[in-house]
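> Below: one structure in structure tokens.
In the UniProt record's numbering, the protein residues as written are 1 to 343.
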């Protein structure tokens with residue numbers, strides 16, 4: 001009898017244990033499912049499998065948050081390639097104000113500092129979707145991440161950072177300017193697209209600075225530059241002059257000086273001459289002083305004040321001497337200032 005009672009007590013105890021285990025498993029089914037999906041994602045052998053497990057993992061919502069962040073922060077490139085697009089879709093598809101999605105966005109921004117370079121690139125690629133969820137509350141963290149991303153060695157990371165820098169809550173277009181000199185043409189194109197076109201904000205780079213990218217070796221960069229200048233109201237004639245103004249060959253810039261005297265499409269050549277008076281080549285600066293004096297004499301106008309600056313402060317003695325000569329000659333009526341073609 002004692003033996004029978006012991007067996008019954010054991011059976012009851014086992015039943016209670018099984019019931020408790022079942023109850024615990026039921027209560028924690030989302031956590032268990034998320035862990036299982038995360039494990040299967042890391043073990044999947046194909047892109048399709050990884051994508052399927054990534055979708056399943058993200059669907060667990062809050063229960064999957066830690067696993068999702070961990071895989072973005074420190075997952076393999078293959079796992080990140082699967083999880084990041086799924087996360088982006090999740091951030092965009094859920095209703096506004098969804099607490100689980102907002103918490104995921106917050107966690108990803110908070111995890112940026114712990115990311116390796118690949119993880120930082122992944123978070124930066126998600127920046128627009130993250131900010132859609134966090135709103136202004138995530139702006140400062142996204143700005144810090146973007147500032148870091150703009151300096152990363154990976155071209156893909158810098159491209160993601162450039163896109164993030166253009167976001168209205170980030171506004172780091174000024175920090176993008178150095179990337180106009182990037183070695184990679186696609187980075188230069190993206191940077192030019194970010195800082196070149198006209199916007200409602202103050203420009204972070206002037207038109208004259210943009211002209212130099214009309215000579216970029218990449219046709220795409222040149223096209224973006226031309227479109228950006230057009231968006232700022234620059235005419236085809238002005239873009240043509242800007243291209244010649246910044247031609248790397250000083251001889252081409254000297255030819256521009258001569259053409260400005262007779263180009264009917266340029267009603268006011270003086271601003272262009274003033275730009276050439278700041279040229280790096282002394283011969284071009286001296287030529288600008290001469291052409292300005294010739295045109296002033298022909299039109300019976302006052303000599304531009306920058307000729308005096310050249311005469312008194314140019315670092316090259318020959319330029320100072322030539323500018324001083326034409327400044328003095330401009331006040332005479334004996335024909336001392338004659339067009340170049342008259343020599």
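For each residue, glycine too, the CB sits at the ideal point set by N, CA and C.
These numbers come from a predicted model, not from an experiment.
(1) Which residue comes first and which comes last in the alpha helix (DSSP H) that contains residue 89?
(2) Rounded to the nearest angstrom, what separates residue 346 and residue 187 at their Cα positions?
(3) When you compare each of 123, 221, 284 and 305 to residue 196 by their alpha carbons, which one comes out closest?
(4) Helix or strand or just coil, what does DSSP make of residue 218?
(5) How long is the line joining the alpha carbons of residue 43 and residue 203, rounded to whole angstroms?
(6) Look at the alpha carbon of residue 317 and the alpha carbon of residue 291, and state the distance between them as a whole number of angstroms.
(7) Residue 132 by DSSP, collapsed to three states: which one?
(8) What residue range does the alpha helix (DSSP H) around residue 120 cover?
(9) Looking only at C-alpha atoms, which of 254, 49 and 69 sits nearest to residue 114?
(10) Smallest Cα separation from residue 159: which of 236, 193 and 139?
(11) Taking residue 99 as part of the alpha helix (DSSP H), name the residues at either end of that continuous run.
(12) Between the Cα of residue 163 and the Cα atoms of 138, 199 and 125, which residue gives the shortest distance?
(13) Would you mind stating whether residue 229 and residue 210 have Cβ atoms separated by less than 8 Å?
(14) Looking at residue 165 and residue 173, is the spacing between their C-beta atoms short of 8 Å?
(15) For residue 209, does the three-state DSSP call read helix, strand or coil?
(16) How should residue 271 be labelled, buried or exposed, when 16 other C-beta atoms within 10 angstroms of its C-beta is the threshold for buried?
(17) What number of angstroms, rounded off, separates the C-alpha of residue 119 from the C-alpha of residue 141?
(18) Leaving aside the five residues before and after residue 246 along the sequence, list all residues of the same chain whose C-beta is less than 7 Å from its C-beta, in chain order.
(19) Taking contact to mean at least 3 C-beta pairs separated by less than 8 Å, is the region 93-102 in contact with the region 70-77?
(20) Of all the options 310, 268, 266 and 264, which has the alpha carbon lying nearest to the alpha carbon of residue 286?
(21) For residue 328, which of helix, strand or coil comes out of DSSP?
(22) Please state whether DSSP places residue 323 in a helix, a strand or coil.
(23) Going by C-alpha distance, which of 127, 77, 305 and 90 is nearest residue 60?
(24) Spatial neighbours of residue 185 within its chain, please: C-beta separation below 7 Å, excluding the five flanking residues on both sides.
In short:
(1) 77-93
(2) For the chain, the structure presents residues 1 to 343; residue 346 sits outside this window and is missing.
(3) 221
(4) coil
(5) 49 Å
(6) 19 Å
(7) helix
(8) 117-125
(9) 69
(10) 193
(11) 99-110
(12) 125
(13) yes
(14) yes
(15) helix
(16) exposed
(17) 15 Å
(18) 211, 212, 214 and 215
(19) no
(20) 310
(21) helix
(22) helix
(23) 90
(24) 218, 220 and 221
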